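Here the structure is laid out as structure tokens; the discussion comes afterwards.
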Amino acid sequence: MSQIKEALMLTRETLMFLPLVPFCFIPVYSDIKDRPGRLFAKVIAACIGMVTVMFLVYLIWPGDTGGVVNTGICVAGFFWLYQREIALERFRLWFIFLTACLIGSFSYLFNHLVDIVLYPEATVETAQGLYSLILQIVFELVLVLVLFYPAKKYIGWLVHNFPEERVWRSVWIFPAGVSIFAYYFIPYDNQRMYVGRFMQMYAVVILVLLVMVLFIYVLFYKIAYSVIEKEKILLKAGYLEMEAEQYHRLLSHVQETGRLRHDFRHQITVIAEMLKNGEYEELEKYLEKYTSGLSGTALRYCTSSAVNAVLNHYEMLCRESGIQVHFSIHLGEQVTVEDIDFCVLLGNLLENAVDECRKQPEEQRWIRLRAGQTGEHVIALQIENPCRSRFRKYEGRYLSDKHEGDGQGLKSAEMIAEKYQGFMEADCREEVFTVRVLLQF
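My numbering applies: residue 367 is where the sequence shown begins, and numbers increase by one.
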């Protein structure tokens, strides 16, 4: 009977983890897979099941052995259930989970500090008093409430925006290490804390440890934020560079068109002079020679001169490279998508398509581009081309097959789609690479 009572007393102490459960869901509330009601029922059932298992373990192995076994079961069991309910990468969830454990560790240290004052003759092996347990649970609840906003805003931002998976695979070591340190920092005998200034030193160390933990978490957030901002600046710089490149292409096309018009005026003068002099045979030969040297007439695909210039430029490149093209453009006159954005979008996608087609045998070179308004304020665009290169995508990022890192053309297209509250997707199936873009204006 005494063994059952002891197991119940030890199991009662494990109730201190209950306030930590809701904390785990605060930063990732938007990623919960199930409905809140069903999730709540699952959490309650899991807690009841876990407490039952802990009681049985303490019944078999009372003391430190049971405590170590139950700690392992509690951490492994709850984390397994936790990651099943949240649609997020495992190591990010592991970091949040161990942060909750870290909060529990400080609550444990605070509780033991109070325990030293209330029960000066107690030891680690003495069962925790009910008043002390209630105080610890209340302290944890206060901590969770105080940290609700920082957890939701800052930790939530970190796990959703910081992309470095290598960092997430190792950053959990810090909260885990501090939690383990806190567990072993508890003195065995409370009476020894009244010798000299041990009590004051103990409280100071806990305070210093708390400040250090807060500093490390703030530093982690600041570093992550600066890394992401730097990446955004680099992306914007790359985007501006692409805009400049498209501008120079347009300028080159306009200059070429101006040169052709200038030359054409001279040709008209020569033709008029031949007609005036009745030199019909020479005129026929001259026209045959002139028309054979023409590279084609610029086509008008839509009302935007800039877009027409880009499409004609790439149509000419495709013709020179032996690439069959089919451009189907149906855009209204009231399109408010900026010309430079649409030109950069088309230019990058067509540039990628042309580069890929040049790797194919000549008989398998083709590009299909379709763009049109599917609604009054919606533009849909799709481009297809043959693809034999390995299409790589990692953590939602499109990787380049030309160099290490992101594919700048697709990244730029994705940024433009986001600017217009749309989306971009790319895939390669049956050796056909397809990019789809939706823009809203």
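Cβ coordinates follow ideal geometry from the N, Cα and C atoms, glycine included.
All of these numbers come straight from a predicted model, not from anything done at the bench.
In this structure, 554 is the residue among 554, 571, 673, 460 with its C-alpha nearest to the C-alpha of residue 430. The beta carbon of residue 390 is closer than 7 Å to those of 448, 462, 463, 466 in its chain, skipping five residues each way along the sequence. The three-state reading of DSSP puts residue 675 in helix, counting H, G and I together. Within the same chain, Cβ atoms closer than 6 Å to the Cβ of residue 790 are found at 779, 780, 783, 803, the five residues on either side in sequence being excluded.
Three or more Cβ pairs closer than 8 Å define a contact, and the segment 394-407 falls short of that threshold against the segment 416-430. DSSP places residue 732 inside the beta strand (DSSP E), whose first and last residues are 732-741. Annotated three-state conformation of residue 595 is helix, per DSSP. In chain order, 709, 712, 713 place their CB closer than 6 Å to the CB of residue 676, counting only its own chain and leaving out the 5 sequence neighbours on each side. According to DSSP, residue pairing for residue 794 in a beta bridge involves 799. Residue burial annotation: residue 401 is exposed, with fewer than 16 other C-beta atoms found within 10 angstroms of its C-beta.
Rounded to the nearest angstrom, the Cβ distance from residue 392 to residue 590 is 18 Å, too far for a contact under 8 Å.
Only residues of its own chain outside the window of five on either side were considered, and among them none has a CB closer than 6 Å to the CB of residue 396.
Taken in chain order, the complete alpha helix (DSSP H) segments of 4 or more residues contained in the segment 397-447 are 402-426.
The C-beta distance from residue 471 to residue 550 rounds to 11 Å, too long to fall under 8 Å, and the pair is not in contact. Residue 752 is bridged by DSSP to 798. Nearest Cα to residue 673 within the set 690, 694, 653: 694.
In this structure residue 805 is in contact with residue 788, their Cβ atoms being roughly 5 Å apart against a cut-off of 8 Å. In this structure the segment 503-518 does not touch the segment 436-444; the number of beta carbon pairs closer than 8 Å is below three.
Between residue 399 and residue 453 a beta carbon distance of about 6 Å is seen, short of the 8 Å cut, so the two are scored as contacting. Under the DSSP assignment, residue 693 falls in the beta strand (DSSP E) whose first and last residues are 690-696. In the structure shown, residue 387 adopts helical secondary structure according to DSSP, grouped into three states. For the pair residue 753 and residue 798, the CB atoms are nearer than the 9 Å cut-off. For the 9 Å CB-CB criterion, residue 425 and residue 500 do not form a contact. Ranking 670, 786, 751, 415 by CA distance to the CA of residue 794 puts 751 first. Beta-bridge analysis with DSSP links residue 452 to 398.
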